[in-house]
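Undergrad: I'd like to ask you about the structure that follows.
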Amino acid sequence: SGGNTPATPTAPVELGAAADVPVGGAKLYRERKLIVSCPAEGQYKAFSAQCTHAGCVLDKIDEGEGNCPCHGSRFDVSTGKVLRGPADRPLPEVPVRAENGRLVAG
Ligand code: FES
Numbered sequence: 008s009g010g011n012t013p014a015t016p017t018a019p020v021e022l023g024a025a026a027d028v029p030v031g032g033a034k035l036y037r038e039r040k041l042i043v044s045c046p047a048e049g050q051y052k053a054f055s056a057q058c059t060h061a062g063c064v065l066d067k068i069d070e071g072e073g074n075c076p077c078h079g080s081r082f083d084v085s086t087g088k089v090l091r092g093p094a095d096r097p098l099p100e101v102p103v104r105a106e107n108g109r110l111v112a113g
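If you read the sequence shown in our numbering, its first letter stands for residue 8, the second for the next number, and so on.
Below you can see the structure in the form of structure tokens.
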């Protein structure tokens with residue numbers, strides 16, 4: 008009772024080549040339940056890809072919006088903010104960094 012299930016990984020996870028995330032865009036790591044966006048060259052932000060409504064994992068990103076397949080919530084993948092409900096809380100941000108060209112989250 009009470010509290011939210013933590014959505015963030017408990018240990019750092021390697022996501023692969025930083026170059027896989029397009030500059031000015033974002034990439035969904037569905038199996039890791041993470042989204043990484045790259046607002047500018049060499050800058051990365053990561054968010055949980057687990058919907059804050061009922062916990063489904065987002066299934067795709069179109070035009071900068073992460074889509075939840077369960078009830079249609081949409082999130083801005085550069086800020087985590089809700090663009091369309093029923094979700095009413097943003098996607099939690101997760102620390103991410105590039106190390107030797109590889110992204111490490113958590
Ligand atoms: Fe994502 Fe309901 S779980 S909209």
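Think of the CB as a built atom: it goes at the ideal place given N, C-alpha and C, for glycine as much as any other residue.
Helix, strand or coil for E106 per DSSP?
TA: Strand.
Undergrad: Check whether the Cβ atoms of E82 and E70 lie closer than 8 Å to each other.
TA: One detail in the question is off: residue 82 reads as Phe in this sequence, not Glu. Contact: no.
Undergrad: Who's in the neighbourhood of ligand 1, going by beta-carbon under 5 Å from any heavy atom, listed in chain order?
TA: Output, sorted by chain position: C58, H60, A61, C63, C75, C77, H78 and S80.
Undergrad: Below 6 Å CB to CB, which residues in the same chain sit around V25 once its five sequence neighbours on both sides are set aside?
TA: Note that residue 25 is Ala in the sequence shown, not Val. The residues are A105, G108 and L110.
Undergrad: In angstroms, rounded to a whole number, what distance separates the CA positions of K52 and V20?
TA: Cα-Cα distance, rounded: 14 Å.
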